[in-house]
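Residue numbers (this note's numbering): 39 to 241.
Just so you know, even glycine gets a beta-carbon here, dropped at the ideal spot from N, CA and C.
Being a predicted model, the structure only gives us computed values, none of them experimental.
Encoded as structure tokens, the structure appears first; notes follow it.
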């Protein structure tokens with residue numbers, strides 16, 4: 039439970055917790071998250087800190103290193119307001135954290151000042167419901183537009199990652215087609231206006 043983990047973090051019985059291990063795709067990077075509920079380093083007792091941990095995986099031989107893809111963390115607003123807290127970082131490819139792992143886990147790297155503790159410690163805050171908090175991590179292989187993040191976040195996190203990627207790609211394509219269609223409509227409309235003006239000038 040969130041309250042138990044927070045109490046352990048504040049008393050320093052257990053300052054951090056790890057997420058379950060997951061893959062970026064079926065044949066992708068192996069990773070997990072590390073969360074410091076009461077903060078880490080300079081953020082201790084002021085912010086919740088979240089870090090990305092690259093792990094040694096069975097597909098590393100066919101993957102690109104250093105790992106260079108943007109990682110986005112989202113603290114989910116569990117109410118209908120959907121005011122998620124979103125922050126992201128791009129890996130420093132010179133850092134050991136993003137080289138091909140030689141041991142089980144690389145050194146964690148991420149966002150020390152992710153969310154102010156004052157926010158998640160408030161009673162009835164929208165980010166903790168039933169003593170539970172949800173954080174979503176997105177590895178962005180194709181520079182997902184910011185406008186598409188709400189769609190990506192609306193996907194059921196229980197869906198297989200490959201399916202989430204596929205649906206996001208479809209949505210990107212759909213919006214690109216719609217944008218092109220709108221641009222064509224605008225062009226036709228402008229052309230019609232120009233023709234009207236020409237006719238008026240001729241008469």
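ask   = Which value, in whole angstroms, describes the spacing of the CA atoms of residue 78 and residue 215?
value = 45 Å
inquiry  = Our contact map puts residue 92 next to residue 144 with C-beta atoms below 8 Å; I'd like the distance itself, whole angstroms only.
reply    = 4 Å
Limits of the unbroken beta strand (DSSP E) element including residue 111 = 108-113
request  = Can you grab the Cα-Cα spacing for the pair residue 156 / residue 163, in whole Å?
outcome  = 10 Å
query = Nearest to residue 262 by alpha carbon, out of 116, 141, 104 and 127?
reply = The question about residue 262 has no answer, for the chain in this structure spans 39 to 241.
message = How far does the alpha helix (DSSP H) with residue 158 in it extend, from its first residue to its last?
response = 155-158
request  = Evaluate the contact criterion for the segment 127-141 versus the segment 73-87: three or more CB pairs, one atom per stretch, below 8 Å.
outcome  = no
message = Which of the three DSSP states is assigned to residue 217 in this structure?
response = helix
ask   = Which term fits residue 170, buried or exposed, when burial requires 16 or more other beta carbons within 10 angstroms of its beta carbon?
value = exposed
query = Is the Cβ-Cβ distance between residue 87 and residue 150 less than 8 Å?
reply = yes
query = Which residues does DSSP pair with residue 44 in a beta bridge?
reply = DSSP output for residue 44 lists no bridge partner at all.
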